[in-house]
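Colleague: Here you go, one structure.
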């Protein structure tokens, strides 16, 4: 694992993420997959970047046979969690995942709900590496017949598919441009964010030893300013859901 630490949002920025992003449409997709693959069985799950625990609470409520663990590096968000005897809270960063989980710990289901694009380091190369390594670590913690669920935003380029990913990372991660980016509405200004194209997500997933068992594409975003689209070389933008299983060996 990369020894450098993932950049962290400041408390003011973190407060903007004290909300739940999995809406009813996404929940319908997820509920169908969970019930099809687990069919009332007991299962354990890990919510990576689960913050305030609202999503974990929803899983626990709907599946009384489940037990969950929330990991997040922001104490300000973890402190918002409601106590539950079936829920464990871990204050740690994703790069520490293998070290903090007890030996032989395995999870049947691991969630990345819009968290992978926040795994940012000082360079684009390092950032892409930490995203890949996060999936490798998750794969290593997955039970034999387990699944990984990823909700993520997808930014495809107009001509050069990967270009928006790099441009958005560079602009939002720059300390010099932080004030300007904040005024333009970037809620991660100065820290950074790394969205990927669909092809980039799929390539990263495959390299991590995982298989896309099912993919769900959601409605394309129509409210992106035309000048911003041109400046950032942005083509189709939407969010998608990747339901992953692992190959024989991660």
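Numbering (this note's numbering), first residue to last: 11 to 260. Virtual Cβ for every residue (Gly too), placed ideally from N, Cα, C. Treat the numbers as computed from the prediction; the structure is a model and nothing was measured.
Pick helix, strand or coil for residue 141, following the three-state DSSP scheme.
Modeller: helix
Colleague: Report the three-state DSSP secondary structure of residue 251 (helix, strand or coil).
Modeller: strand
Colleague: Between the alpha carbons of residue 54 and residue 236, how many angstroms are there, rounded?
Modeller: Computed Cα separation, rounded: 44 Å.
Colleague: What residues in its chain sit with their C-beta under 6 Å from that of residue 163, if we drop five residues either side in the sequence?
Modeller: Same-chain partners within the cutoff: 205 and 249.
Colleague: When DSSP labels each residue in this structure, what does residue 224 get in the three-state scheme?
Modeller: In the structure shown, residue 224 sits in a strand (DSSP, three-state: E or B).
Colleague: Could you pull the DSSP bridge partners for residue 121 from this structure?
Modeller: 57 and 159
Colleague: Is the separation between the beta-carbon of residue 30 and that of residue 64 shorter than 8 Å?
Modeller: yes
Colleague: When you compare the CB positions of residue 252 and residue 168, do they come within less than 8 Å of one another, or not?
Modeller: no
Colleague: Looking only at its own chain, which residues have a Cβ that is under 6 Å from the Cβ of residue 118, when we skip the five neighbours before and after it?
Modeller: 53, 54, 153 and 156
Colleague: If you draw a straight line from the C-alpha of residue 120 to the C-alpha of residue 75, how long is it?
Modeller: 16 Å
Colleague: Return the bridge partner residues of residue 78 from the DSSP annotation.
Modeller: 55 and 97
Colleague: Measure the alpha-carbon distance for residue 83 versus residue 105 and round it to whole angstroms.
Modeller: Distance between the alpha carbons of residue 83 and residue 105: 10 Å.
Colleague: If we count the other Cβ atoms within 10 Å of its Cβ and call it buried at 16 or more, is residue 190 buried or exposed?
Modeller: exposed
Colleague: Tell me whether residue 73 sits in a helix, a strand or coil according to DSSP, three-state version.
Modeller: coil
Colleague: If you draw a straight line from the C-alpha of residue 11 to the C-alpha of residue 34, how long is it?
Modeller: Residue placement at residue 11 is poorly supported in this model, since its pLDDT is 49, which falls under 50; the coordinates still yield a value, given next. If I take the Cα positions, the gap works out to 36 Å.
Colleague: For the stretch 139-148 and the stretch 214-223, state whether three or more C-beta atom pairs, one from each stretch, are separated by less than 8 Å.
Modeller: yes
Colleague: What span of residues does the alpha helix (DSSP H) with residue 34 cover, start to end?
Modeller: 34-48
Colleague: Per DSSP, which one or two residues make a beta bridge with residue 244?
Modeller: 167
Colleague: Between which two residues does the alpha helix (DSSP H) containing residue 207 stretch?
Modeller: Premise fails: residue 207 is in no alpha helix (DSSP H) and is neither H nor E.
Colleague: Where do the N-terminal and C-terminal ends of the alpha helix (DSSP H) with residue 182 fall, by residue?
Modeller: 173-183
Colleague: I think residue 86 touches residue 102, with their Cβ atoms under 8 Å apart; what is that distance to the nearest whole Å?
Modeller: Not really, about 15 Å apart at Cβ, beyond 8 Å.
Colleague: Tell me the rounded alpha-carbon separation between residue 124 and residue 179.
Modeller: 16 Å
Colleague: Where does residue 153 fall in DSSP's three states?
Modeller: strand
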